[in-house]
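Structure first, then comments.
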Amino acid sequence: MSLPHRSARWPICFLSSATSTATDMRAFWGWLVLCLAAGLFAAEIARAAPGPAVPPPKALEEQVRAALKAQPREPRLWNNLGVSLRRQGRNAEAISAYRQAVRLDSKYADAYSNLAVALTAIGRHDEALGAIRTALKLDRDNPVYRLNLATVYEGLGRDGEAAIEYRAYLQRAGESAAVYERLAKIQQKLGRNAQARTSRQKAVDLEPENGAYRLAYGQALAAAGQDFAAIAQLEAAVRLKAMDARSWLLLATLYNGQQQTDAAAAALREAAALDPGSARVQNDLGVTLSKLKLTDQAAEALNRAVTLAPSYAEAWSNLGVVLRGQGKMNEAEQAYQRALGIESRLPQIYNNLGVLYLESERVQEAVPQFQQALVLEPGYWEARRNLAMALGRLGKWGAAADQLKLALEAAQVPSALITQVQADLQKLQEASR
Numbered sequence: 001m002s003l004p005h006r007s008a009r010w011p012i013c014f015l016s017s018a019t020s021t022a023t024d025m026r027a028f029w030g031w032l033v034l035c036l037a038a039g040l041f042a043a044e045i046a047r048a049a050p051g052p053a054v055p056p057p058k059a060l061e062e063q064v065r066a067a068l069k070a071q072p073r074e075p076r077l078w079n080n081l082g083v084s085l086r087r088q089g090r091n092a093e094a095i096s097a098y099r100q101a102v103r104l105d106s107k108y109a110d111a112y113s114n115l116a117v118a119l120t121a122i123g124r125h126d127e128a129l130g131a132i133r134t135a136l137k138l139d140r141d142n143p144v145y146r147l148n149l150a151t152v153y154e155g156l157g158r159d160g161e162a163a164i165e166y167r168a169y170l171q172r173a174g175e176s177a178a179v180y181e182r183l184a185k186i187q188q189k190l191g192r193n194a195q196a197r198t199s200r201q202k203a204v205d206l207e208p209e210n211g212a213y214r215l216a217y218g219q220a221l222a223a224a225g226q227d228f229a230a231i232a233q234l235e236a237a238v239r240l241k242a243m244d245a246r247s248w249l250l251l252a253t254l255y256n257g258q259q260q261t262d263a264a265a266a267a268l269r270e271a272a273a274l275d276p277g278s279a280r281v282q283n284d285l286g287v288t289l290s291k292l293k294l295t296d297q298a299a300e301a302l303n304r305a306v307t308l309a310p311s312y313a314e315a316w317s318n319l320g321v322v323l324r325g326q327g328k329m330n331e332a333e334q335a336y337q338r339a340l341g342i343e344s345r346l347p348q349i350y351n352n353l354g355v356l357y358l359e360s361e362r363v364q365e366a367v368p369q370f371q372q373a374l375v376l377e378p379g380y381w382e383a384r385r386n387l388a389m390a391l392g393r394l395g396k397w398g399a400a401a402d403q404l405k406l407a408l409e410a411a412q413v414p415s416a417l418i419t420q421v422q423a424d425l426q427k428l429q430e431a432s433r
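This is the structure:
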C-alpha cells in the first residue's frame, strides 16, 4: 500500500471390533478391544460415532501390553497397540506392532490401513502405498481406506489422484467438513480454484462455527476478487477467534478497498499486536492512519516500518508523503531519495518526489521526475496530469496541453474527472495561441 500525493494512486497493499478368546477375562478383553477399535484409521477426520470412553494413549498402551501377555498371538491387540503408539507419535514402534498384526493375520485389512498411515507419517510413502493397496484388495468397500489412500497420494505428490480418492471417500461415507477442506487444499495446489472455493463453502456449510474453515474460505474469496463475501467470512472468523496477523492484514486490505478506513485501521492494530515485527503491517497502518488525517500516528507507524525493514522502499516513500504533509520538506525529500536508492523502478516514488518539488517551487526539477514515472508506467494518469501542471507553470502551454490531450485520447482519465480535464485542456490550448 502506498500513500498518494494529491490524486496519486493507491496500489494494492500490498476401525474394527474383536472379541477375546481368553476364558477368565473375557469381559475385560472384550471391553478393551471395543474401546481400542474406535478410530483406528489414520486420517481420523470424520467425527467418531458415539462409543465407549477411550483412555489416553499411554493408558491404552499399558492396557494392551497387559492383554498381550495373555494373548500374544491376537492380531487385533497388536493392531490396537500400534494405534496407541501412533497417537503418542511413536510411529516406528507403531509400524512394528502393525507388521506383527499382519504377520499373525495376513487378511487383516484394518492393520494394513493403519500401517500405511504410520509409514506416511515418517515419509515412507512408497511402502505406505503398498500397505494401503493391500487393505483395499481385502476390503474395497471401506471408505476410510480411500481416505488413507488419498493421504498417501498427497505424500507422494500425486495430487490429482489424491483429489479423486477424497471425492471417492465423500461419495461413499457422506459429507465431511474436514475432508472437504483437505480436498480444497489439493484443488488449490492443482490450480482448480473455483472447485476449491466450492469445497471450502461446503466445509463452512457443514460446520459454520469452525473458525479455521471460515478463514480459509474468506481467503479464497478474497483471492477471487469477491471482496464483500470475503469480508463476511473473515468477520465470522473474527467472531470465532480464528484470526492471525496475516488474516487481520487481509481484512484491513479489504476494508480499505471498500473505503471503510476506520475498520481497516482497527484491523491493522490487531495485526500489529499479533505481529509487532511486521514492517508490512506498520506500513499499511501508517497509510491508513494518514487517510484518517492522524498524521503524527501515521509517521510513527511508518518510522517503525523503515526501522524494521530499512530496505522497504515503498515504506520510505510513504513516510516521505507524511513528512511532506507535516511541512518537513527536507526530511521528506531525504525519505524519497532513500526510497529511490533502494528501488528505482517504482513510478509512484518519482511522482511523489515531483510533487514535493512543485510545492517547493522547484518546477524545473519536478519535470524529469514526472517524466521518469511515465517512462516506467505510461498509463500513470496522476503523473501525466502533474507533468502537465509543471509544464504549464514553466509557460510551456502547448506541451502541457499535449499531455492532457494524450491522457484523454488514451482513456487514462477517470470518468469523474473527464469534464474537468477537458476544461483544463481548453484553457491550455487558449493560452498557447
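Sequential numbering from 1 applies to the sequence shown in UniProt numbering. Glycine is no exception: its CB is placed at the ideal position from the N, C-alpha and C atoms.
Limits of the unbroken alpha helix (DSSP H) element including residue i
i           : result
L356        : P347 to E359
Y217        : G211 to A223
L394        : It is not in any alpha helix (DSSP H) - L394 carries neither H nor E in the DSSP assignment.
Q334        : M329 to I342
residue 447 : An answer regarding residue 447 cannot be provided, because it is not within the stretch 1 to 433 covered by the chain.
R246        : A245 to G257
V287        : A279 to K291
R133        : H125 to L138
L190        : Careful: L190 lies outside any alpha helix (DSSP H) and carries neither H nor E.
G155        : P143 to L156
G82         : P75 to R86
Y169        : D159 to A173
Q226        : Where Q226 is concerned, there is no enclosing alpha helix (DSSP H), given that its DSSP letter is neither H nor E.
I418        : I418 to A431
Cβ shell of residue i (< 7 Å), same chain only, five flanking positions each side left out
i    : result
H5   : Any reading at H5 needs caution, since the residue's pLDDT is 47, under 50, leaving its predicted position unreliable; the model's value is listed next. Within the same chain, H5 has close Cβ partners V321, N351, N352 and V355.
D227 : L254, G257 and Q258
A212 : A242
R329 : Note on identity: in this sequence residue 329 is Met, with Arg being the wrong assignment. So the list reads L356 and S360, once near-sequence residues are dropped.
A332 : G320, L323, R324 and L356
Neighbourhood of residue i by C-beta distance below 6 Å, restricted to the same chain and skipping five residues each side
i    : result
T419 : none
L428 : W397, A400 and A401
A298 : G286, L289, S290 and V322
A109 : A135, L138 and D139
R124 : none
A264 : A252, Y255, N256 and T288
A229 : L221
Rounded separation between residue i and residue j - CA only
i    : j    : result
L68  : M243 : 47 Å
E154 : Q219 : 22 Å
Q88  : L156 : 24 Å
R90  : K189 : 30 Å
D402 : R214 : 52 Å
P55  : R99  : 24 Å
E361 : A407 : 25 Å
A411 : E161 : 48 Å
A416 : N210 : 43 Å
G30  : N148 : For G30, the predicted model reports a pLDDT of 39, less than 50, meaning its position is unreliable and no value from the coordinates is stated.
V306 : L376 : 24 Å
V421 : L404 : 7 Å
E74  : L115 : 17 Å
A128 : W78  : 18 Å
D275 : I122 : 32 Å
A59  : N318 : 60 Å
S106 : V204 : 41 Å
Whether residue i touches residue j by CB criterion (8 Å)
i    : j    : result
P414 : A383 : no
A111 : A101 : yes
S84  : P57  : yes
Y145 : S176 : no
A271 : W248 : yes
V367 : L387 : yes
W316 : A335 : yes
A168 : L183 : no
A313 : V281 : no
A131 : L119 : yes
A267 : L292 : no
Q195 : Q201 : no
R103 : A94  : no
M389 : L358 : yes
R197 : A237 : no
S311 : I349 : no
T295 : Q337 : no
Cutoff 8 Å; reference residue i; Cβ partners in own chain excluding five residues on either side
i    : result
D141 : R172
Q170 : It should be noted that the sequence gives Leu, not Gln, for residue 170. These residues qualify, in order along the chain: S176, V179, Y180 and L183.
G277 : L308
L374 : P347, Y380, A383, R384 and L387
Q364 : L394
E232 : Checking the sequence shown, residue 232 turns out to be Ala, not Glu. G218, listed in sequence order.
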